[in-house]
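Following: one structure in structure tokens, then a few remarks.
There are 2 protein chains.
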Amino acid sequence: MLGTLLYGPRDVRCEEVAEPKILKPTDAIIRLSAACVCGSDLWPYRGLNEVTSPMAMGHEYCGIVEEVGSAVTSVRPGQFVVGSFCLSDNTCPHCRFGFQSSCQQREFMTGAQARFARVPLADGTLVATREIPADDLIPSLLATSDVLGTGWYAADAARVQSGSTVVVVGDGAVGLMGVLAAKQLGAERIIAMSRHKTRQDLALEFGATDIVAERGDAGVKIINALTNNVGADAVLECVGMNESMQQAIHCARPGGMIGYVGVPHGVQLDGQALFFSQTGMLGGPAPVRRFLPYLMDLVMERRINPGKVFDLTLPLADVAEGYRAMDERRAIKTLLRV
Amino acid sequence: MLGTLLYGPRDVRCEEVAEPKILKPTDAIIRLSAACVCGSDLWPYRGLNEVTSPMAMGHEYCGIVEEVGSAVTSVRPGQFVVGSFCLSDNTCPHCRFGFQSSCQQREFMTGAQARFARVPLADGTLVATREIPADDLIPSLLATSDVLGTGWYAADAARVQSGSTVVVVGDGAVGLMGVLAAKQLGAERIIAMSRHKTRQDLALEFGATDIVAERGDAGVKIINALTNNVGADAVLECVGMNESMQQAIHCARPGGMIGYVGVPHGVQLDGQALFFSQTGMLGGPAPVRRFLPYLMDLVMERRINPGKVFDLTLPLADVAEGYRAMDERRAIKTLLRV
Chain A
-4 MLGTLLYGPR DVRCEEVAEP KILKPTDAII RLSAACVCGS DLWPYRGLNE
46 VTSPMAMGHE YCGIVEEVGS AVTSVRPGQF VVGSFCLSDN TCPHCRFGFQ
96 SSCQQREFMT GAQARFARVP LADGTLVATR EIPADDLIPS LLATSDVLGT
146 GWYAADAARV QSGSTVVVVG DGAVGLMGVL AAKQLGAERI IAMSRHKTRQ
196 DLALEFGATD IVAERGDAGV KIINALTNNV GADAVLECVG MNESMQQAIH
246 CARPGGMIGY VGVPHGVQLD GQALFFSQTG MLGGPAPVRR FLPYLMDLVM
296 ERRINPGKVF DLTLPLADVA EGYRAMDERR AIKTLLRV
Chain B
-4 MLGTLLYGPR DVRCEEVAEP KILKPTDAII RLSAACVCGS DLWPYRGLNE
46 VTSPMAMGHE YCGIVEEVGS AVTSVRPGQF VVGSFCLSDN TCPHCRFGFQ
96 SSCQQREFMT GAQARFARVP LADGTLVATR EIPADDLIPS LLATSDVLGT
146 GWYAADAARV QSGSTVVVVG DGAVGLMGVL AAKQLGAERI IAMSRHKTRQ
196 DLALEFGATD IVAERGDAGV KIINALTNNV GADAVLECVG MNESMQQAIH
246 CARPGGMIGY VGVPHGVQLD GQALFFSQTG MLGGPAPVRR FLPYLMDLVM
296 ERRINPGKVF DLTLPLADVA EGYRAMDERR AIKTLLRV
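Listed in order, the protein sequences are those of chains A and B. First residue of the first sequence: -4, per the numbering used here; consecutive thereafter. First residue of the second sequence: -4, per the numbering used here; consecutive thereafter.
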């Protein structure tokens, strides 16, 4: 079958690979309905993580169950399923606490930019729809697997609620999904910090009420003016750089929460400054599994359309161009037809 | 009247000072029912903050209203009142959000280790009891002004709730109040980290179910064992050193919250480590005013007895010995008869 392998910096290839097989009784094999490229795929692509042997890429997935291991009871061949990029048993204490991304048996999904993929811990990980979804819903269902679930977690961790004033730092796919999540959670004001016209437009479409193009101190100054010098109730940090994190902290009101989902790179927090700012913080790899049934329902009922975040669609064979377009910021997020 | 002045490191004196006067129409003058020494008074006492001119000490207070400024409407002479160490208008957006310690008009109380004290922003700051409390309730009412309110905020920020497993890092007066708060908030298990017999005993009396004497990695290992390798739902950090903060982070389960109220000294947080631990954090100067009416009611109804945290009582004239005893850890907290 066709699959995607990363050989080294900026060397990603679609080629013939062996079809995945059931390796453990808790595995399932799914036939992917579509695949996509994640912002985090760009780290190894850009050489930030060393690649010693060809790496099977892709961790966002949805599709039809092809085969299940002997221990799998909650899904069966023929069902349409979505799972999180974090594989979890959904029964351990961390899962039951709603933090499936720290499951005691946690594994990370790989190899989903392909025709078929193996999903370990299938019972805990996969969520099936009641019926096979219409084709036009596939992009949005695929989005629930990671990018929407991650933006949603940012909003949940930042405790967005009805009437909240929310700032979203970062206009990548996750930040845009954070805007959508804040809107769904009842935020009254959603200020998206973005410098790019196409992303600003999408943010507005997803529910942003204000756009701030400035960054750093200039951006904070505008947020203060927009909030009557109070600051935001909730800030979604969807970048992970030190500058963006400081910006997030300075946008929050005392007692406001920052939900941060951009993996921090070079972020150092001064305890005393954080103390006197009275900013709350909660982040980490998103426990998408917690939100997945709800988010899938929202999509199936056509109440949200997160699939709009895909602004480039390519056949799987052209995966290299999909990476390039995102790396060069020509595309927000690439969907791959498999 | 007698008042307390800090002249320099370890040079604190009780001497004749001028009686305070109404300076603004929003002020009140109170006759203190008792005074006390705070752990944070030890910072300037130990020379951590420079003292250039004699500094009027004391920010925890309760007593009888003696006089009010012309604009004060919510309290009147003769009433018994308690206020927070943070003076606040209780009407600004930060106050209404429950973060009175970041009030837009915030001032810090001073000069309360004395016979009389001036309380600015009296309407927003002071809470009166319905009747004059019995003498034996004074220590507990005084405790609500800062030390209990701060321990309570730590528990609230850490989102302690019914059934929670809680770890309290720090066995100073605030940590012990954190134990009491966790108990009142319904925690099922309260693990107090303490190496001192008298403080361990008081922690047990306030509701601790377990005592861990070990610190650092050894302490974390025991917490892990006690929680079946899950970690605590909530951790109260009541010290403010880097070691204690790291200990707190490592005791929390993924998704667990740390409420931190020890002013951080030399605390640096690595963003990526915090991200992958999925530890939530909220701290800062406690918005005691938010909790004050409730805590005063608990005391008046004799449902809690936080005054037990005072294990040394001295006349105001002996304030220097009160500081020394706390500095040398011979006393947990000193009450001063005024």
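Ideal Cβ positions, reconstructed from N, Cα and C, are used throughout, including at glycine.
What's the gap between the Cα of residue i and the Cα of residue j?
| i | j | result |
| --- | --- | --- |
| Q99 (chain A) | M276 (chain A) | 23 Å |
| F271 (chain B) | A149 (chain A) | 14 Å |
| F75 (chain A) | G144 (chain A) | 18 Å |
| R210 (chain A) | M188 (chain A) | 8 Å |
| L136 (chain A) | E55 (chain A) | 10 Å |
| T(-1) (chain B) | R5 (chain B) | 13 Å |
| E11 (chain B) | R26 (chain B) | 16 Å |
| G337 (chain B) | V155 (chain A) | Missing from the structure shown is residue 337 (chain B); chain B here goes from -4 to 333 and no further. |
| L(-3) (chain B) | R113 (chain B) | 14 Å |
| Q195 (chain B) | A213 (chain B) | 18 Å |
| G181 (chain B) | M252 (chain A) | 24 Å |
| A123 (chain A) | Y255 (chain A) | 29 Å |
| T204 (chain B) | V174 (chain A) | 44 Å |
| V230 (chain A) | I186 (chain A) | 9 Å |
| Q267 (chain B) | N44 (chain A) | 15 Å |
| M236 (chain B) | Q242 (chain B) | 10 Å |
| G42 (chain B) | P249 (chain B) | 39 Å |
| D141 (chain B) | C57 (chain B) | 11 Å |
| V7 (chain A) | S159 (chain B) | 48 Å |
Using three-state DSSP, classify residue i as helix, strand or coil.
| i | result |
| --- | --- |
| V304 (chain B) | helix |
| S83 (chain A) | coil |
| M295 (chain A) | helix |
| E316 (chain B) | helix |
| G167 (chain B) | coil |
| L264 (chain A) | strand |
| I217 (chain B) | helix |
| E45 (chain A) | coil |
| L180 (chain A) | coil |
| S22 (chain B) | The question names Ser, but residue 22 (chain B) in the sequence shown is Asp. Coil. |
| G235 (chain A) | coil |
| P39 (chain A) | helix |
| M50 (chain B) | strand |
| R325 (chain A) | coil |
| T124 (chain A) | coil |
| T204 (chain B) | coil |
| M252 (chain A) | strand |
| G78 (chain B) | strand |
With 16 as the cutoff for other CB atoms within 10 Å, does residue i come out buried or exposed?
| i | result |
| --- | --- |
| F80 (chain A) | buried |
| E126 (chain B) | exposed |
| K178 (chain B) | buried |
| S96 (chain B) | buried |
| Q263 (chain A) | exposed |
| W38 (chain B) | exposed |
| Y318 (chain A) | buried |
| P310 (chain B) | exposed |
| A227 (chain B) | buried |
| E232 (chain A) | buried |
| P72 (chain A) | exposed |
| A129 (chain A) | exposed |
| S337 (chain A) | In the structure displayed, chain A extends from -4 to 333; residue 337 (chain A) sits before or after that span and is not available. |
| S48 (chain A) | exposed |
| D131 (chain A) | exposed |
| Y40 (chain A) | buried |
| G278 (chain B) | buried |
If you measure from the CB of residue i, is any heavy atom of the ligand FAD nearer than 6 Å?
| i | result |
| --- | --- |
| A23 (chain B) | The model on display carries no ligand, and the ligand FAD is accordingly not part of it. |
Inset, instruction - Taking only beta carbons into account, state which residues of the region 133 to 149 of chain B come closer than 7 Å to chain A, listed in chain order. - result: Nothing from the region 133 to 149 of chain B brings a Cβ to less than 7 Å from some Cβ of chain A.
Inset, instruction - Examine the Cβ distances between the region 55 to 70 of chain A and the region 17 to 35 of chain A and report whether three or more of them are shorter than 8 Å. - result: By the criterion of at least three beta-carbon pairs nearer than 8 Å, the region 55 to 70 of chain A is in contact with the region 17 to 35 of chain A.
Inset, instruction - Count the C-beta pairs between the region 85 to 97 of chain B and the region 27 to 46 of chain B that are closer than 8 Å, then say yes if the count reaches three, no if not. - result: Short answer: they don't touch.
Legend entry - Meets three-Cβ-pair contact criterion under 8 Å: the region 326 to 333 of chain A and the region 283 to 300 of chain B: Taking 8 Å as the limit for Cβ pairs, the verdict is that the region 283 to 300 of chain B does not touch the region 326 to 333 of chain A.
Inset, instruction - Please determine if the region 90 to 106 of chain A and the region 300 to 311 of chain A are in contact, where contact requires at least 3 C-beta pairs separated by less than 8 Å. - result: No, the region 90 to 106 of chain A is not in contact with the region 300 to 311 of chain A.
Inset, instruction - Note down, in chain order, all residues in the region 228 to 252 of chain B with a beta-carbon under 7 Å from any beta-carbon belonging to chain A. - result: Of all residues in the region 228 to 252 of chain B, the ones placed with a Cβ closer than 7 Å to any Cβ belonging to chain A are M240, R248, P249 and G250, in chain order.
Legend entry - Residues from the region 265 to 286 of chain A in contact with chain B, defined by Cβ distance under 9 Å: If you check each beta-carbon in the region 265 to 286 of chain A against every beta-carbon of chain B, the ones closer than 9 Å belong to D265, G266, Q267, A268, L269, F270, F271, S272, Q273, T274, G275, M276, L277, G278, G279, P280 and P282.
Legend entry - Sufficient close CB pairs (3 or more, under 8 Å) joining the region 284 to 292 of chain A to the region 280 to 288 of chain B: At 8 Å Cβ cutoff, the stretches do not touch.
Inset, instruction - Spell out a yes or no on whether the region 190 to 204 of chain B and the region 154 to 170 of chain B are touching, meaning 3 or more CB-CB pairs, one atom from each, closer than 8 Å. - result: Taking a cut-off of 8 Å on C-beta distances, the region 190 to 204 of chain B touches the region 154 to 170 of chain B, as three or more cross pairs fall below it.
Inset, instruction - Below 8 Å between beta carbons is the criterion; list the residues of the region 63 to 91 of chain A that meet it against any residue of chain B, in chain order. - result: For the region 63 to 91 of chain A, the residues whose beta carbon sits under 8 Å from a beta carbon of chain B are, in order, P88 and H89.
Inset, instruction - Could you name the residues of the region 14 to 37 of chain A whose beta carbon sits closer than 7 Å to any beta carbon of chain B, in the order they occur along the chain? - result: Sequence-ordered contacts of the region 14 to 37 of chain A with chain B are nonexistent [C-beta pairs closer than 7 Å].
Inset, instruction - Would you list, in chain order, the members of the region 150 to 172 of chain B that have their beta-carbon closer than 8 Å to a beta-carbon of chain A? - result: Per Cβ criterion, the list reads A152.
Legend entry - Interface positions of the region 170 to 201 of chain A facing chain B (Cβ-Cβ less than 7 Å), listed along the chain: Listed by position along the chain: nothing, the set is empty.
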